[in-house]
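A.B. asks: Could you have a look at this structure, given as structure tokens, before my questions?
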Amino acid sequence: TQTVSQSDAHVTVFEGDSVELRCNYSYGGSIYLSWYIQHHGHGLQFLLKYYSGNPVVQGVNGFEAEFSKSDSSFHLRKASVHWSDSAVYFCAVRANSAGNKLTFGIGTRVLVRP
Amino acid sequence: EAAVTQSPRSKVAVTGGKVTLSCHQTNNHDYMYWYRQDTGHGLRLIHYSYVADSTEKGDIPDGYKASRPSQENFSLILELASLSQTAVYFCASSDRQGANTLYFGAGTRLSVL
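Heads up: the protein sequence lines correspond to chains A and B, in order. So in my numbering, the last one in the first sequence is 114, and the numbering has no gaps at all. So in my numbering, the last one in the second sequence is 1113, and the numbering has no gaps at all.
In structure tokens, the structure reads:
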């Protein structure tokens, strides 16, 4: 069974701070990793994805994520957050060995204070 | 110009009643999905479909039926709504199996009383 773990349920930062949201997964084989953002009252929106190549991938609005096979991780980062980055962030994993279904983590709620 | 539209946006239902949640997409995507979102559980897949007139079970299909009458439309049906089905439901679409990029609707907040 593939699992996705987001260890931080809530993160609070100040505007201009950097932020890192952690995502760890557990299973093997070929995997596809992605991050989604959900603003309050809205559906999820795709941020970025990784399958192969450069382990650091760039997304929209200054977000980037880094894949680490040794750590089984795909952490999301932003160097300088804006108040509009307040949202819930979901890590998602898809494995060929798990029927190609997308499995989501429970999400990390980020609050950006002015 | 929302590409995935869900209706209603919110609904209150009585226990034992029938509930139908509707989803319409203009992405021309073959794949459509229904997820439910609960606090502490993230999103869980209920049903999905890759072609009209066919649906597949997801990870938590019990108590739900799905219908895909056309490429654009995908419904989720609760024949006998229960308190445990109170949640936010999201519809999504993608262009192919295994696509990482899903396009989500705004969600339907369902309260079963």
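Cβ atoms here follow ideal geometry from the backbone N, Cα and C, with glycine treated the same way.
Is the beta carbon of residue 21 of chain A less than 8 Å from the beta carbon of residue 89 of chain A?
C.D. replies: Against a cut-off of 8 Å, the Cβ pair of residue 89 of chain A and residue 21 of chain A comes out as a contact.
A.B. asks: Specify the secondary structure class of residue 140 of chain A as computed by DSSP and reduced to three states.
C.D. replies: With chain A covering 1 to 114 only, the question about residue 140 of chain A has no answer from this structure.
A.B. asks: Helix or strand or just coil, what does DSSP make of residue 47 of chain A?
C.D. replies: Residue 47 of chain A falls in the strand class under three-state DSSP.
A.B. asks: Leaving aside the five residues before and after residue 1007 of chain B along the sequence, list all residues of the same chain whose C-beta is less than 7 Å from its C-beta, in chain order.
C.D. replies: Within the same chain, residue 1007 of chain B has close Cβ partners 1022.
A.B. asks: So who's on the other strand from residue 35 of chain A, going by DSSP bridges?
C.D. replies: Answer is A/48, A/91.
A.B. asks: To which residues does DSSP link residue 1013 of chain B through a beta bridge?
C.D. replies: For residue 1013 of chain B, which the question treats as bridged, DSSP gives the partners B/1112.
A.B. asks: Leaving out five residues before and five after residue 86 of chain A in sequence, what residues of the same chain have Cβ atoms less than 7 Å from its Cβ?
C.D. replies: If we look at residue 86 of chain A and ignore the five residues flanking it on each side, its Cβ neighbours are 110, 111, 112.
A.B. asks: Say whether the stretch 1081-1089 of chain B touches the stretch 1103-1111 of chain B, bearing in mind that this needs 3 or more beta-carbon pairs closer than 8 Å, one atom from each stretch.
C.D. replies: Yes: at least three Cβ pairs fall under 8 Å.
A.B. asks: Please report the straight-line C-alpha distance between residue 94 of chain A and residue 104 of chain A, rounded to a whole angstrom.
C.D. replies: Going by the C-alpha atoms only, they are around 9 Å apart.
A.B. asks: Compute the distance between the beta-carbons of residue 59 of chain A and residue 35 of chain A, then report whether it is under 8 Å.
C.D. replies: Going by C-beta atoms, residue 59 of chain A is nearer than 8 Å to residue 35 of chain A.
A.B. asks: With a threshold of 16 other CB atoms inside 10 Å of the CB of residue 49 of chain A, please say whether the residue is buried or exposed.
C.D. replies: By the neighbour-count rule (16 or more Cβ atoms within 10 Å), residue 49 of chain A is buried.
A.B. asks: Examine chain A for any beta-carbon lying closer than 8 Å to the beta-carbon of residue 1106 of chain B, and answer yes or no.
C.D. replies: By this cut-off, residue 1106 of chain B is an interface position.
A.B. asks: Taking only the alpha-carbon atoms, compute the straight-line gap between residue 1042 of chain B and residue 42 of chain A and give it to the nearest angstrom.
C.D. replies: Their backbone Cα atoms lie some 15 Å apart in a straight line.
A.B. asks: Please list the terminal residues of the continuous beta strand (DSSP E) segment that includes residue 1064 of chain B.
C.D. replies: That residue, residue 1064 of chain B, is in no beta strand (DSSP E); it is neither H nor E in DSSP.
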